[in-house]
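Novice: Heads up: the sequence shown begins at 3 in the numbering used here, then just goes up one per residue.
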Amino acid sequence: MQALNRNTTSITPLPIKVLQFGEGNFLRAFADWMIDLMNDSHDYNCGVAVVQPIAQGMTDMLRKQDSLYHHIYRGLQNGKATSETRLISCIQTAINPFEARNEYDLVAISDELEVVISNTTEAGIVFRADDFPTKGDLAATFPGKVTQLLWERYEHFGGDSTKGLRFIPVELIDKNGEKLKEAILDYAKLWKLPEAFAKWIEYHNYFANTLVDRIVPGYPKDEVAEIQQTVGFEDNLIVSSEIFHLWVIEGSKEIQTSFPADQCGLNVIYTKDLTPYRVRKVRILNGAHTSMVPVGLLNGLETVKETVEDEAVGSFVRQIIFDEIAPTIDLPKDELEAYAQEVLERFKNPYIRHELKTIALNSISKYKVRVLPSLLDSLNAKKTLPEGLVLAFTHLIKLYLSDFEIQDSEEVKTFFASFKSGYHSATEIIKTVLEKTEYWGQNLNEIEGLSELMTSQLERLNDGTTISNFLTAKA
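Right under this line is the structure:
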C-alpha cells in the first residue's frame with residue numbers, strides 16, 4: 003500500500019489564502035472539505051495553512067502525510083444509504099507555532115493571506131488580563147495569538163488598509179466573531195499598542211458571526227483497514243462525517259467576496275441575522291447531544307445511535323426535544339418539529355459511530371451554553387421546571403461523581419473529585435454545584451425548587467432508579 007504524500011498523488015501546490023487555527027476532525031471534515039470543493043467547482047485556487055493553537059496537537063501527523071487525508075461522508079439521502087470518499091488536498095502546510103515560529107510568522111505577513119478560520123472550542127475565545135507574553139513568546143490565549151499576528155501584519159505592511167483579514171470563527175458561542183474582535187481590541191489596549199493599530203483592526207479587518215452544523219465522529223478506527231484498502235493509501239488521518247452540512251455566516255460583503263462558499267452548491271448561507279438558525283441548532287441538536295450523554299453513559303450505552311434507538315433513553319430524548327426544548331424557540335412550530343425530526347434521523351445515521359464519551363468533552367461548559375437556556379426559558383414560560391432537562395442536569399452531576407474518566411478542565415475535575423472523599427449528602431452536593439456561578443453564570447440555588455428537585459432525583463438515582471422509572475412516574 004502506498005504512503006500518502008504529494009509525491010504519490012501529484013497534487014498541485016496552491017497559494018495560501020486561508021490561515022486556520024485548529025487541525026482537529028471538525029475543521030478538516032467541514033471547512034477544509036468545503037474549500038477543497040470550492041477549488042474544484044469555483045476555481046477558488048485556495049490553499050490553507052493549518053496552525054495548532056495549543057502546544058499539543060496533530061501537526062506532526064499532518065506533515066508526515068504532506069497534509070493530505072481522506073474524508074468519508076455518508077448517511078441517508080431520500081431514504082437511501084449514500085457514501086462518498088474524497089481526498090482533501092487544500093491544506094498546504096501544518097504549523098506548530100511553538101516549534102516553528104518563523105514559518106508561522108511568514109504566513110502571517112503573506113501578501114496572499116485573506117481569511118482566518120478557527121475552531122478553538124467554546125473556551126477558546128477568551129480575554130485574560132494576565133496574558134502578557136514576553137518578547138518572542140506566543141500569547142497564552144487564542145485571541146492573544148491573533149493580536150500578535152495582526153500586529154506583525156500591521157507593522158510589516160505599514161498599516162496598509164488593504165491588508166486586513168477576514169475572520170470566520172466557528173467556535174460554538176453566540177456572536178463568536180464579535181467576541182473575538184472584542185478580545186483582540188482588549189489585548190491591543192492591555193499591551194499598550196498604538197491607537198492607530200486599534201483603528202486598523204476596527205475598520206480594516208472583518209469579523210463574521212457564524213453557525214456550523216455537521217456531525218463529525220472523526221477517525222473511523224473500526225473501518226480504517228477497509229477504507230485504506232479502498233483508497234489505496236496508508237492514511238492515518240481519515241475523518242468521517244455525515245452528509246448534512248450547514249454554515250450560516252453573518253458577515254460583511256468583504257467576507258462573502260473573500261469566501262464565496264455560498265456560490266458553489268454548498269449549504270452555506272450569508273445572512274444579516276443568524277440568531278434563529280443558531281438558537282434552533284444549539285438548543286435542539288447540541289442540546290440533545292449534551293443532555294443525552296450522561297443519561298446514555300450511565301445506562302451503559304456507547305453511541306448516539308444506540309441512545310436514540312434505546313426504548314427508554316430514546317423516549318427521554320424525544321421528550322426533552324419536543325416537549326421542553328422546541329417550545330422555547332421563537333420559530334413556527336411546524337418548522338421546529340420538522341427540524342427536530344431531521345435531527346433524530348441524523349442521530350440514527352447507520353454509518354456513524356458517534357461515541358458519547360467523545361461528546362462528553364467539557365460537558366459543564368457545554369451544558370451552560372446548550373441546555374441551561376432552554377431550562378430557564380421553559381421555566382419562565384410555563385412557570386414550572388422542565389423535569390427532563392433537570393434530570394439530564396442531575397445525570398451530568400452523577401456522571402462527574404462516578405468513576406467515568408472526566409474530560410474537562412483541571413479545575414472542574416478537582417472540584418468534583420472533592421466529593422469522592424468522605425460522605426457528602428445529595429443535598430450538599432447539589433447545593434454546592436448549583437452555587438458555582440463561574441460554571442453557570444448565576445447561582446442556580448436561587449431558582450425556586452431546582453435544588454430540591456435535583457436532590458430528589460440524585461437520591462433516586464443513587465438508590466438505583468432507572469430512566470424508565472422516571473418516565474413512568476412522570477406519565
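In this text, a Cβ means the ideal position worked out from N, Cα and C, and glycines have one as well.
Tell me which residues share the same chain as ARG88 and place their Cβ nearer than 6 angstroms to its Cβ, disregarding the 5 neighbours each side in the sequence.
Specialist: So the qualifying residues of the chain are HIS73.
Novice: Identify whether HIS247 lies in helix, strand or coil by the three-state DSSP scheme.
Specialist: Coil at HIS247, not helix or strand.
Novice: If you draw a straight line from the C-alpha of TRP202 to the C-alpha of ALA141, how long is it?
Specialist: Distance between the alpha carbons of TRP202 and ALA141: 20 angstroms.
Novice: Should the stretch 206-221 be regarded as contacting the stretch 239-255, the criterion being three or more beta carbon pairs within less than 8 angstroms?
Specialist: Touching, per the Cβ criterion.
Novice: Can you tell me whether GLN22 is buried or exposed, with buried defined as 16 or more other CB within 10 angstroms of its CB?
Specialist: Classification for GLN22: buried.
Novice: Where does TYR71 fall in DSSP's three states?
Specialist: Note: TYR71 maps to strand in three-state DSSP.
Novice: Taking 7 angstroms as the limit between beta carbons, can you name the residues of its chain near ALA190, skipping five residues before and five after?
Specialist: Around ALA190: THR149, PHE199, ALA200 and ILE203.
Novice: From the DSSP output, in three-state form, read off ILE93 for me.
Specialist: Strand at ILE93.
Novice: With distance defined between alpha-carbon atoms, name the residue in PHE406, PRO145, LEU300 and ILE13 nearest to LEU393.
Specialist: Out of PHE406, PRO145, LEU300 and ILE13, LEU300 has the C-alpha closest to the C-alpha of LEU393.
Novice: Would you mind listing the beta strand (DSSP E) stretches within the stretch 13-68 that are 3+ residues and don't spill past its ends, in chain order?
Specialist: Complete beta strand (DSSP E) runs here, min 3: 18-23 and 49-53.
Novice: Please go through the same chain and pick out, in chain order, the residues whose beta-carbon is closer than 6 angstroms to the beta-carbon of LYS368, but skip the five residues on each side of it.
Specialist: Excluding sequence neighbours, LYS368 sits near THR292.
Novice: On the three-pair Cβ rule with 8 angstroms, is the stretch 7-22 touching the stretch 104-120?
Specialist: In short, these stretches touch, since the Cβ pair count reaches three.
Novice: Contact defined as beta carbons within less than 8 angstroms: I believe GLU326 pairs with SER380. What is the distance between those atoms, to the nearest angstrom?
Specialist: Indeed they touch by this definition, with Cβ atoms about 5 angstroms apart.
Novice: By how many angstroms is the C-alpha of SER12 removed from the C-alpha of ASN505?
Specialist: This structure does not reach residue 505, given that the chain is present from 3 up to 477, and the question cannot be answered.
Novice: Report the partner residues of LEU78 according to the DSSP bridge assignment.
Specialist: DSSP output for LEU78 lists ALA83 as bridge partner(s).
Novice: Mind the definition here: the stretch 265-272 touches the stretch 171-190 only if three or more C-beta pairs lie below 8 angstroms; say whether that holds.
Specialist: No, the stretch 265-272 is not in contact with the stretch 171-190.
Novice: How far does the beta strand (DSSP E) with VAL214 in it extend, from its first residue to its last?
Specialist: Where VAL214 is concerned, the enclosing beta strand (DSSP E) stretches over 211-215.
Novice: With DSSP as the reference, label ILE478 as helix, strand or coil.
Specialist: Not covered by the structure: residue 478. The range shown for the chain is 3 to 477.
Novice: Go to VAL172, then tell me how far its alpha helix (DSSP H) extends in each direction, as first and last residue.
Specialist: From DSSP, VAL172 is part of no alpha helix (DSSP H); its letter is neither H nor E.
Novice: Using the beta-carbon count (16 or more within 10 Å), is GLU173 buried or exposed?
Specialist: Under this definition GLU173 is a buried residue.
Novice: Which runs of the alpha helix (DSSP H) spanning at least 4 residues fall entirely within the stretch 96-154, listed in chain order?
Specialist: Within the stretch 96-154, the complete alpha helix (DSSP H) runs of at least 4 residues are 103-110.
Novice: Report the three-state DSSP secondary structure of THR305 (helix, strand or coil).
Specialist: DSSP places THR305 in strand when its eight states are reduced to three.
Novice: Leaving out the 5 sequence neighbours to the left and right, which residues in its chain are closer than 6 angstroms to ALA477 when beta-carbon positions are compared?
Specialist: Confidence in ALA477 is poor, its pLDDT being 48 and thus under 50, which makes the residue's placement unreliable; the coordinate value appears in the next sentence. Once the five neighbours on either side are set aside, ALA477 has no close Cβ partner at all.
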